[in-house]
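These notes concern the structure reproduced below.
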Amino acid sequence: MIYFYKGKKNILEENQKELSEAKNKQIQKEFSKVLDVQNLSFLIGAGCSSFEKKTILKRKEIGIPTMYPMAKEYYFKVLSKKEKQYLIKNKIYFYRKPFLGNLEKFLEVLYAYKFLLKNQGKDTNEISELINKTKEFIFNKCNKKSNEVIEIYKKFYRKLLYRDNNLTKTNIFTTNYDLFNEIALEQLGVIYTNGFTGFVERYFNPSSFNYAYAEQLDLSNKKWNVIDNFIYLYKLHGSITWIEDEEVNMLFKIKEIQNPQFNAENNYMIYPTPMKQNSSFGSPYSDLFREFQKKLMQNNNVLVTIGYSFSDEHINNLIYQALTIPTFRLVIIGNYKNNNIKKLYSLDDPRIWIIGEEEKWKNRKLKETPLHFFNRFVNEIMPEIKEEEIEEKIKQISELFKG
Numbered sequence: 005m006i007y008f009y010k011g012k013k014n015i016l017e018e019n020q021k022e023l024s025e026a027k028n029k030q031i032q033k034e035f036s037k038v039l040d041v042q043n044l045s046f047l048i049g050a051g052c053s054s055f056e057k058k059t060i061l062k063r064k065e066i067g068i069p070t071m072y073p074m075a076k077e078y079y080f081k082v083l084s085k086k087e088k089q090y091l092i093k094n095k096i097y098f099y100r101k102p103f104l105g106n107l108e109k110f111l112e113v114l115y116a117y118k119f120l121l122k123n124q125g126k127d128t129n130e131i132s133e134l135i136n137k138t139k140e141f142i143f144n145k146c147n148k149k150s151n152e153v154i155e156i157y158k159k160f161y162r163k164l165l166y167r168d169n170n171l172t173k174t175n176i177f178t179t180n181y182d183l184f185n186e187i188a189l190e191q192l193g194v195i196y197t198n199g200f201t202g203f204v205e206r207y208f209n210p211s212s213f214n215y216a217y218a219e220q221l222d223l224s225n226k227k228w229n230v231i232d233n234f235i236y237l238y239k240l241h242g243s244i245t246w247i248e249d250e251e252v253n254m255l256f257k258i259k260e261i262q263n264p265q266f267n268a269e270n271n272y273m274i275y276p277t278p279m280k281q282n283s284s285f286g287s288p289y290s291d292l293f294r295e296f297q298k299k300l301m302q303n304n305n306v307l308v309t310i311g312y313s314f315s316d317e318h319i320n321n322l323i324y325q326a327l328t329i330p331t332f333r334l335v336i337i338g339n340y341k342n343n344n345i346k347k348l349y350s351l352d353d354p355r356i357w358i359i360g361e362e363e364k365w366k367n368r369k370l371k372e373t374p375l376h377f378f379n380r381f382v383n384e385i386m387p388e389i390k391e392e393e394i395e396e397k398i399k400q401i402s403e404l405f406k407g
């Protein structure tokens with residue numbers, strides 16, 4: 005069943021007999037209004053880094069695996085026999101819930117156990133090695149490219165860039181470490197800022213989020229206009245391409261590199277640990293979260309979340325604060341039965357929209373891809389680009405090249 009909740013009211017309820025295509029058109033019509041708001045932000049979560057592709061024999065996950073298959077692979081194919089014995093000896097039963105299918109919970113316990121050993125004055129080498137091995141596994145999984153996933157991102161940005169040029173530029177916030185956003189934007193030739201400045205060596209500079217690229221329209225009157233295709237990209241949890249450079253004499257020592265390699269000491273990623281919220285208070289995260297808060301607090305603002313499970317308390321708290329502003333709206337593309345999303349659903353606030361489809365499972369696997377998954381959201385919920393608008397854009401670009 006496809007649903008579109010405004011508060012607790014499913015606006016599709018009266019039309020349940022209609023075909024899915026008709027419901028999708030109704031949702032698409034409503035969502036197109038969201039793209040016309042003055043201040044628009046997206047929050048892209050881990051669910052957008054992969055999608056399921058149907059093959060002749062089975063459904064195959066493309067891109068970066070979601071948590072369950074990632075954890076399963078790590079526990080049963082990566083951990084050595086000795087490491088498994090060490091975990092069981094210390095009553096960390098990785099093959100049971102809540103660890104089974106959840107590397108976040110696993111890392112939480114490893115960090116907590118290391119803290120306990122350290123306070124007791126005991127050796128922490130073994131647990132530290134296990135923590136670093138887990139972190140490296142996550143890093144390597146995120147350091148992957150998938151042309152099929154990149155194509156979905158490119159389609160997402162193509163549709164997004166056809167917003168009215170007079171509106172403020174779109175903010176893209178993401179908790180993902182991967183490079184799908186950056187690759188898609190660069191392949192499309194879209195200019196974006198991610199908080200780093202420089203060409204040969206790029207270092208973090210949060211003031212760059214206050215800048216925009218502009219084209220000079222009239223040399224005599226010094227008239228400028230912000231270019232149409234421009235995106236602000238905020239990686240709230242860091243990136244596989246960020247490292248700490250202690251040797252440089254700069255205010256911000258976070259450097260962006262081209263060929264990322266795992267380093268337990270200086271890779272700047274907030275791993276899923278109980279200290280995740282505390283980790284967010286140091287630079288560059290404090291600056292990024294401040295930008296997130298600042299954007300959410302703007303009047304007539306809409307935040308669209310997609311692929312985000314509302315499992316990050318720091319992000320959630322900022323969203324809850326924004327909900328105290330009467331003009332703020334939250335659009336969740338997700339499963340309303342998710343425990344964290346259910347809390348927002350229970351508020352029965354018409355400013356909170358939840359769009360998605362009932363998930364059908366069999367043997368812990370989805371029988372079909374629900375509407376709230378990223379590929380279907382892009383293809384079926386985001387408005388289609390009209391051919392005449394594309395022609396007009398091409399004409400504008402041609403005129404620009406002619407000078």
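Quick note on this note's numbering: the sequence shown kicks off at 5 and runs consecutively. Yeah, the Cβ is synthetic: ideal placement off N, Cα and C, and Gly gets one too. As the structure is a prediction and not an experimental result, all values here were calculated from the model.
Runs of alpha helix (DSSP H) with 4 or more residues, each lying fully within the segment 44–99, are found at 71–77 and 85–93, listed in chain order. Looking from the CA of asparagine 175, the closest CA among Ile92, Ala216 and Lys139 belongs to Ala216. For asparagine 263, the closest of Ser243, Leu255, His376 and Lys122 by C-alpha to C-alpha distance is Ser243. Taking a contact as a CB-CB distance under 8 Å, the pair leucine 307 and isoleucine 323 counts as one, their CB atoms being some 7 Å apart. For valine 382, there is no enclosing beta strand (DSSP E), since its DSSP letter is neither H nor E. Residues Gly67, Ile68 and Asp182 of the same chain have their beta carbon placed closer than 8 Å to that of lysine 148, with the five preceding and five following residues left out of the count. For arginine 294, the enclosing alpha helix (DSSP H) has its first and last residue at 289–300. When only Cα atoms are considered, valine 194 and glutamate 186 end up about 10 Å apart.
Straight-line measurement puts the Cα of tyrosine 236 at about 20 Å from the Cα of phenylalanine 332. By the criterion of a C-beta distance shorter than 8 Å, asparagine 379 is surrounded in its chain by Phe55, Ile156 and Thr373, once the five residues flanking it on both sides are discounted. In the structure shown, lysine 259 adopts extended strand secondary structure according to DSSP, grouped into three states.
Non-local C-beta neighbours of leucine 121 in its own chain, meaning closer than 8 Å and more than five positions away in sequence, comprise Asp127, Thr128 and Ile131, ordered along the chain.
In this structure, the CA atom of aspartate 168 is about 51 Å from the CA atom of tyrosine 99.
Per DSSP, isoleucine 15 lies in no alpha helix (DSSP H) segment and is marked neither H nor E. By the Cβ rule, the segment 103–117 counts as touching the segment 70–90, because three or more pairs are nearer than 8 Å. Contact annotation: phenylalanine 377 and glycine 51 have beta-carbon atoms nearer than 8 Å. The DSSP-derived three-state label of asparagine 271 is strand.
Looking at the DSSP output, valine 306 sits in a beta bridge with Leu44 and Arg333. Rounded to the nearest angstrom, the gap between the Cα atoms of serine 36 and glutamate 250 is 46 Å. Secondary structure of asparagine 136 (DSSP, three-state): helix. Residues Leu47 and Gly49 of the same chain have their beta carbon placed closer than 6 Å to that of tyrosine 312, with the five preceding and five following residues left out of the count. Under the DSSP assignment, glutamate 363 falls outside any beta strand (DSSP E); it carries neither an H nor an E label. Non-local C-beta neighbours of leucine 39 in its own chain, meaning closer than 6 Å and more than five positions away in sequence, comprise Arg167, ordered along the chain.
In this structure, proline 288 lies near isoleucine 258, with their beta-carbon atoms less than 8 Å apart. Counting along the chain, the unbroken alpha helix (DSSP H) around asparagine 28 starts and ends at 24–38. Excluding five sequence positions before and after leucine 189, the CB atoms of its chain that fall closer than 7 Å to its own CB belong to Tyr161, Tyr196 and Ile235, given in chain order. The Cβ atoms of arginine 206 and phenylalanine 200 lie closer than 8 Å to each other.
Assignment of alanine 218 by DSSP, reduced to helix, strand and coil, places it in the strand class. Judged by their CB atoms, leucine 164 and leucine 134 are not nearer to each other than the 8 Å cut-off. In terms of Cβ geometry, lysine 158 and glutamine 191 form a close pair [threshold 8 Å].
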